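S.K.:
There are 2 protein chains.
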Amino acid sequence: MGTTDPRIARTRATVLDTAAAIVVEQGTAALTVDAVVARSGVARSTIYRHWPTRDDLLVDVFEYCVPSLDTPPPELGFEAAMRQFLHAVVGHLADEKWNRMLPALMALKAYEPTLARVEERMEQRQGKISADLFTRGEHEGLFGPELDPSRAIALLVGPLVFAALSGETPITPELADASLANFLAGLSRPDPAR
Amino acid sequence: MGTTDPRIARTRATVLDTAAAIVVEQGTAALTVDAVVARSGVARSTIYRHWPTRDDLLVDVFEYCVPSLDTPPPELGFEAAMRQFLHAVVGHLADEKWNRMLPALMALKAYEPTLARVEERMEQRQGKISADLFTRGEHEGLFGPELDPSRAIALLVGPLVFAALSGETPITPELADASLANFLAGLSRPDPAR
DNA sequence: GCGATACAGTACTGTACTGTACGATTTCTC
DNA sequence: GAGAAATCGTACAGTACAGTACTGTATCGC
């Protein structure tokens, strides 16, 4: 019952790998069924057996490539856990694959509701992790419950995403450390410049 | 000599406005010559008289929409000037036009060298402004010459861009203030967590 | 007003891609 | 080994778009 035909899994993986490579190397506009056929060797009719339209394939490609982040071990405190989380984010953003696909997803989510949902699920998963981390920080007395998690994530992760997108400054664990250090420093200065 | 035929300027503006609206509302893939013809009333042959290919038109649309930032008045110190700069960035990112076009530019610059050059020029202009601002900060003794401007800009502007892209947290001047406050707080804590 | 030029409108070619249909072949399951 | 199912290969219709060519009309500069 749980056993699936290996042919199905095989072609599905082949097509998704090929399609992802095309998107990474040439952009989403270059993802045509013919291009996948030429590069993967999988027959045209076979691809349409698995995906009803080209757009459905594109959605699956993104879903296939979205990085999965883990919750840092519970014994870590806020600072150590957040550092580990940010380092993981750096790792994914530095990887050429996601480095190319993230901007494409951001650009398309405004017009393709199906891709918007992919991005939504991704942010939900990461939101759960960050919520866990901020709970640790609150228990440590670093900040109160009034802290806005979404806003804090923007402050912490924003610089990393910016570095990945602009390419002006290298995206490294050190940058993540700097972002975290600034965030922590800002906490101990609750009434800034007023 | 310096006078140009008003017909040229008129159709050029009409086409660029229409094309920009199409890109903002439906994405770059929807920018076809026929779509511009239908919406603007400008004839097909006229468009091809101004732009040799559709891609050239797209490049001009981006160039046309790239926001221009001003250097804050020289009498302002680092903090006030940077605040003003960041607030201007917030203004452009919150505007629907650039909010949609920036991700598209980020996604396409990896594959279209001509668009990469558009983005390059944009970053160059902003780089000049930020270099000016960091010089002020250095003269004020806030930091030394070892500060990396590109990296600092990532730390300061990154959260704003992240907020604009993700849509999870509102992009407001207050967010800019928080980013700046964290950056300044990090300065007075030169050896973080080591 | 007049010549020059930009614009409108239409028709056309060529191409690239989507999605369907169908028979032949391979590969899996049992 | 036999039947089922997935895959291959090809052919085809339909569409959307890029870019060209050409004629007639409106608008500019002088």
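Protein sequence lines, in the order shown, are assigned to chains A and B. Add 303 to the 1-based position in the first sequence for my numbering, that's all there is to it. Add 303 to the 1-based position in the second sequence for my numbering, that's all there is to it. Every residue, glycine too, gets a C-beta built ideally from N, C-alpha and C. Just so we're clear, the structure is a prediction, and the values are computed from it rather than from any experiment.
1. Please list the partners that B:Phe486 has in chain A, where partner means a Cβ-to-Cβ separation under 8 Å.
2. Taking Cβ to Cβ, would you say A:Ile502 is nearer than 9 Å to A:Val393?
3. Measuring only between beta-carbons, confirm whether A:Glu443 sits less than 9 Å from chain B.
4. Identify which residue in B:Arg352, B:Ser348 and B:Ala466 has its Cα closest to the Cα of B:Ala397.
5. B:Gly461 to A:Asp435, Cα distance in whole Å?
6. Is it buried or exposed for A:Arg403, if we count other Cβ within 10 angstroms and need 16 for buried?
7. Between the C-alpha atoms of A:Pro448 and A:Glu441, what's the straight-line distance to the nearest angstrom?
8. When DSSP labels each residue in this structure, what does B:Pro309 get in the three-state scheme?
9. Taking Cβ-Cβ distances shorter than 7 Å, what residues in chain B pair up with A:Val336?
10. Using the three-state DSSP reduction, which class does A:Ala434 fall into: helix, strand or coil?
11. Spatial neighbours of B:Ala391 within its chain, please: C-beta separation below 8 Å, excluding the five flanking residues on both sides.
12. Please determine, among A:Ala316, A:Arg310 and A:Pro452, the residue with the shortest C-alpha to C-alpha distance to A:Glu366.
13. Hey, could you find the ends of the alpha helix (DSSP H) A:Pro476 is sitting in?
14. Evaluate contact between the region 408-425 of chain B and the region 321-332 of chain A, counting only Cβ atoms and requiring at least three cross-stretch pairs below 8 Å.
15. Is B:Gly461 helix, strand or coil when you go by DSSP?
M.R.: Well, looking at it:
1. Start at 1 with the first residue of the second sequence, and residue 486 of chain B comes out as number 183. The answer, in chain order, is Asn485.
2. The question about residue 502 of chain A has no answer here: the residues shown for chain A are numbered 304 through 497.
3. Numbered from 1 along the first sequence, position 140 holds the residue referred to as residue 443 of chain A. So no, A:Glu443 is outside the interface.
4. Stepping through the second sequence from its first residue, residue 397 of chain B is reached at position 94. Checked all of B:Arg352, B:Ser348 and B:Ala466; the closest Cα to B:Ala397 is B:Ala466.
5. Translated into the one-based positions of the second sequence, residue 461 of chain B becomes position 158. Translated into the one-based positions of the first sequence, residue 435 of chain A becomes position 132. Approximately 23 Å, taken between the alpha carbons.
6. As a first step, residue 403 of chain A must be located in the first sequence, where it is residue number 100. A:Arg403 should be labelled buried.
7. In the first sequence, the residue the question calls residue 448 of chain A occupies position 145. In the first sequence, the residue the question calls residue 441 of chain A occupies position 138. The straight-line gap from Cα to Cα measures roughly 7 Å.
8. Looking up residue 309 of chain B in the second sequence gives position 6. B:Pro309 falls in the helix class under three-state DSSP.
9. Taking the first sequence and counting its residues from 1, one reaches residue 336 of chain A at position 33. Near A:Val336 there are no residues of chain B at all, since even the closest Cβ is about 16 Å away, more than 7 Å.
10. Taking the first residue of the first sequence as position 1, residue 434 of chain A is located at position 131. A:Ala434 falls in the helix class under three-state DSSP.
11. On the second sequence, position 88 is the one that residue 391 of chain B refers to. Contacts found: Leu372 and Asp373.
12. In the first sequence, counting from the first residue as 1, residue 366 of chain A sits at position 63. Between A:Glu366 and the set A:Ala316, A:Arg310 and A:Pro452, the nearest pair of CA atoms involves A:Ala316.
13. Residue 476 of chain A sits at position 173 when you count from the first residue of the first sequence. Per DSSP, A:Pro476 belongs to the alpha helix (DSSP H) from Pro476 to Leu490.
14. In short, these stretches touch, since the Cβ pair count reaches three.
15. As a working note, residue 461 of chain B is residue 158 in the second sequence. Looking at B:Gly461 - three-state DSSP - the assignment turns out to be helix.
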